[in-house]
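Asks:
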DNA sequence: ATTAGCACTCAATCACTGAGAGTGCTAACA
DNA sequence: TGTTAGCACTCTCAGTGATTGAGTGCTAAT
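Chains as they are written, first to last, in the numbering used here: chain A, 22 to 363; chain B, 22 to 363.
1) What are the complete alpha helix (DSSP H) segments, minimum 4 residues, inside the stretch 264-346 of chain A?
2) Rounding to the nearest angstrom, what Cα-Cα distance links residue 312 of chain B and residue 301 of chain B in this structure?
3) Below 8 Å on the Cβ atoms is my contact criterion, and I expect residue 429 of chain B with residue 133 of chain B to pass it. Report the Cβ-Cβ distance as a whole number of Å.
4) Is residue 102 of chain A helix, strand or coil when you go by DSSP?
5) When you compare the CB positions of residue 90 of chain A and residue 331 of chain A, do they come within less than 8 Å of one another, or not?
6) In angstroms, rounded to a whole number, what distance separates the CA positions of residue 106 of chain A and residue 157 of chain A?
7) At a Cβ cut of 7 Å, what residues of the stretch 132-162 of chain A count as close to chain B, listed as they run along the chain?
8) Following the continuous alpha helix (DSSP H) through residue 119 of chain B, name the residue where it begins and the one where it ends.
9) What did DSSP end up calling residue 57 of chain A once you bin it into helix, strand or coil?
10) Measure from the C-beta of residue 281 of chain B to each C-beta in chain A and report whether the shortest distance is under 8 Å.
11) Specify the secondary structure class of residue 256 of chain A as computed by DSSP and reduced to three states.
12) What residues of chain A sit near residue 181 of chain B, judged by a beta carbon separation below 8 Å?
13) Quick one, are the C-beta atoms of residue 323 of chain A and residue 149 of chain A less than 8 Å apart?
14) Could you list which residues in chain B have their beta carbon closer than 7 Å to that of residue 236 of chain A, in chain order?
15) How many angstroms separate the CA atom of residue 128 of chain B from the CA atom of residue 114 of chain B?
16) Who are the Cβ neighbours of residue 340 of chain A in its own chain at under 8 Å, not counting the five residues just before and after it?
17) Using three-state DSSP, classify residue 363 of chain B as helix, strand or coil.
18) For residue 114 of chain B, which residues in chain A fall below 8 Å Cβ to Cβ?
19) Classify residue 163 of chain B as buried or exposed, calling it buried when 16 or more other Cβ atoms lie within 10 Å of its own Cβ.
20) Pull out every residue of the stretch 252-270 of chain A whose Cβ sits closer than 7 Å to any Cβ of chain B, in chain order.
21) From what residue to what residue does the alpha helix (DSSP H) around residue 94 of chain A run?
22) Kindly indicate which three-state DSSP category residue 191 of chain B falls into: helix, strand or coil?
23) Could you confirm whether any beta carbon from chain A is found closer than 8 Å to the beta carbon of residue 210 of chain B?
24) So that I know if they touch, is there some Cβ in chain B lying closer than 8 Å to that of residue 332 of chain A?
25) If you reduce the DSSP assignment to three classes, tell me which class residue 48 of chain A lands in.
26) What residues match up with residue 157 of chain B in a beta bridge as DSSP calls it?
27) Determine the direct distance from the alpha carbon of residue 281 of chain B to that of residue 54 of chain B, and round the result to whole angstroms.
28) If you count every other CB in all the chains shown that lies within 10 Å of the CB of residue 260 of chain B, and 16 or more means buried, which is it?
29) Mind checking residue 109 of chain A: buried by the 16 CB within 10 Å criterion, or exposed?
30) Quick check on residue 277 of chain B - is its C-beta less than 8 Å from some C-beta in chain A?
31) Does the Cβ of residue 111 of chain A have 16 or more other Cβ atoms within 10 Å, making it buried, or fewer, making it exposed?
32) Hey, how far is the Cα of residue 39 of chain A from the Cα of residue 353 of chain A?
33) Using a C-beta to C-beta distance shorter than 7 Å, which residues of chain A count as neighbours of residue 174 of chain B?
34) Less than 8 Å between CB atoms is the rule here; does residue 57 of chain B satisfy it with respect to chain A?
35) Could you please give the first and the last residue of the uninterrupted alpha helix (DSSP H) stretch that includes residue 147 of chain A?
Here you go:
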C-alpha cells in the first residue's frame, strides 16, 4: 500500500521527530518544525488516517502520535535514503584502519568499535568459523622439559596454538622432524577433513614416536572444537543506557545480558539474510527477548563463508544512519578481505 | 577504639540485616531477628551511642540506622570472620579447573568467572605484564608469498605472534635460518633488555637479510608495546544491576563504563596492596568514580610479579563472603602457578 | 541498668486539583 | 470538496494536602 506525498511527508516528519525526542509528536509540532504549508487541523486529519491505516499509534487520547512498527517498516521500505559516512567520519575510519595493521581480529574489533561509535548503538561482527580453511604448517616448539607448544598455521593465516606434553627424552630436533612430517602429510588438507586423511601414513612414517603424535592429534582435536564456532565481537553495548525506553531495570538487564554473552547474541541474529542490508524491526524479530529492539545486519564475504556485521538498537532507531553505516562498513570488510591482504 | 560485646553484637546484626535488605534497620527488628534478650528500647540507646561514635548513621530522624563506612571498617577489622568456600562450591571449582587445561589465560578467566558467580559481584583478575620473561625461541613461518608469521615463545611459555612482510624471493629455509639466528642470539635475554643486546652481531651474522631482520625487529617492538601492560579480565560486571543502590541511571552508567573498560578498571585498583586480603570501603578508595563502591583485592605471585584478583561491589557488601572467596582463589592461583604447570 | 510507654518526626502513599498538550468534531470558508 | 479555525473534551503530569506507619528519643517506673 502506497501513501500520497503529503501523508508520506507527515509520516516522515513524525518518524524523525520521534526518533530524536522519544516523545509522541503532536500535529502542531509537525507543522512547525518542518514548516509545511498546511494547518495543524489538516495534519490532524491525515494523522487520523495514518493511524487507521496502522502506520501510527497513540499512547493515549490526549497525546501525540508515535510511529508504529508498521510505520517504521513502511519508512524503511519505501522512503528511506541511506545516509553514508560523511567526510570527517571517513577520515577517522581510514586513520583507524591504517593505524596498526595487525591480525584480522584487530581489524574486526576496530571496525566494530567504529560502527558503535558512529551510530551510538551496540554493534556486532560475526566472524565465521574457520573450519573450512586448510592446514599450512605445523610446528612443535619445545618450551621446557616435557612441555612443548604446538602451532598450526592455516592458509588464511589463522594461527592456533596449544601447549602439549611431550616425553622429556625427546630432542628439539626430533620435535621439529615430527612437525615437518605432519606438515608434509596434512598440508593442503581441509581442517574438517583432517581425521579421515592419511593419518595412517603419518603413523607409519613416525612409528617410533606414536606418543607425540597422539598428543598432537589430541591437541588438534581440541583446537578444532574451539574454532568450530563462529566468533562474535560486540561493541558499545552500554549505548542502550542512553535510550529512555530502557530505563526499566528488568528490561535493561535482559538486553544487556544478551549483549554481553556472545552465545546469546548469536542466537538472536537471523540466520538467513539477503545480499542487501537487512532490517528487522521489533516484533519482526523471531527471538522473543529482543522484540523491543531492531536489528540492522549485512553479510560480508569472509573467505567464501558469510560473516555478518550490524547494529542492534531500540525500535526508535535512526535507520537511515544505521543502514548507511553498516552498508559502508560491510563494503570495507569485503574490500579488505578480497585484497587477500591476510 | 573497641566496643563492648553488646554493642558489637548490635552492630553486627545491623550490618547483616542491612547488607541483606538494603533498608535501614530499626531497633525492633534487631531484637526480633537476632533474638537478643534485651528490649528494643535498650537497643535504641545502644544505637544512639553507636551513631555518636560514628559507626551508624540515620538517613532521617524517623528511619532506622544503617552502618556508616566507618562501621563497616570496624566490622571488617575487628569482627569479621572470613567465610570460605563451602563443599559444593569447592566441588564446582575443581570441576571447572579440571575441565580443559588450556592456556593460562583460560584458567584466569575461569577463576574470574567463578569468583563473580560465587560472590555475585563483579570480579577482576590482573595478570602482570610479561616484560620480564625471557626469549626462548623465535620462528618465522611462511604463509603466502611475501607474508610470514613471526612467533615468539618466552620461557614462561607465553606466545606472541604477528604477521610480517618478507621479500617474496626469500625461501622457507632461509626464513628458518633467520629465526634460528635470532633464537641463538636472543635466547635467554630478558625481553625488555633485548634492544641493547647484541643485535649488531645478529646483523653481521645475516647481513644479506637485513630487510627481514628489520621487519622482525619492528614486529617484536610492536609486540613489546602490546604486552607491556598488564592485562585485565573482568567478569560479572552486570551483577551491579541487581544492587538497588545503582538504580540511578547516571551512577549505573559511570560504574558500568569503568567495569567495561580494562584501562579504567586498572586505574581504580590500588597499586600497593599487602600480603593479606585488602579491603577498601567507599571513600577510602582514591579513585573518585568508585567512592560508592568497595574493593576486595588480594595479590598472587605470577612468576615473581604481583598479579591481583578481587571483586568490586557496593559498600553494602558481603565482606565476609567476598574476602573468604577472594583469599581462597588467590591461594589456588598461587598454587597452580607454583606448580610450574605452565 | 533496663524497660514500658508515649509523644514526636518524617518518608511514603494516596486522592485531588489545575495546567497544559493534544485531539476530534463541527461549522465556516475558498 | 478540501482546508481551516474554533472549541469542547480527554488524559497526563506536577504539585498539594491528608493520612499512615515505622521508628525514634525521652521520661518515669522497675
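Each residue gets a CB set at the ideal place from its N, CA and C atoms; glycine is no exception. In this text, all values refer to a predicted model and were calculated from it rather than measured experimentally.
Replies: Reading it off the structure:
1) 270-281, 283-289
2) 10 Å
3) Only positions 22 to 363 of chain B appear in the structure, and residue 429 of chain B is not among them; the question remains open.
4) coil
5) no
6) 39 Å
7) 157, 158, 160, 162
8) Residue 119 of chain B -> alpha helix (DSSP H) spans 108-120.
9) In the three-state reduction of the DSSP assignment, residue 57 of chain A falls in the coil class, being assigned neither a helical nor a strand state.
10) yes
11) strand
12) Neighbours of residue 181 of chain B on chain A: none; closest Cβ ~10 Å, over 8 Å.
13) It is a contact, given that the beta carbons lie within the stated cut-off.
14) Result: empty, since nearest Cβ-Cβ is about 13 Å, beyond 7 Å.
15) 11 Å
16) 93, 96, 97, 101, 300, 315, 317
17) Low per-residue confidence applies at residue 363 of chain B: pLDDT is 49, beneath 50, and the placement is therefore not dependable enough to give any value.
18) Result: empty, since nearest Cβ-Cβ is about 21 Å, beyond 8 Å.
19) buried
20) Look at the stretch 252-270 of chain A: the residues with a C-beta under 7 Å from a C-beta of chain B are 259, 262, 268, 270.
21) Element bounds for residue 94 of chain A: 90-95.
22) coil
23) Contact with chain A is absent for residue 210 of chain B, since none of that chain's Cβ atoms lies less than 8 Å from the residue's Cβ.
24) Answer no: the Cβ-Cβ gap between residue 332 of chain A and chain B never drops below 8 Å.
25) Correct three-state label for residue 48 of chain A: helix.
26) Bridge partners of residue 157 of chain B: none, in fact.
27) 39 Å
28) buried
29) exposed
30) yes
31) exposed
32) 31 Å
33) 162, 164, 170
34) no
35) Unbroken run through residue 147 of chain A is the beta strand (DSSP E), 143-148; no alpha helix (DSSP H).
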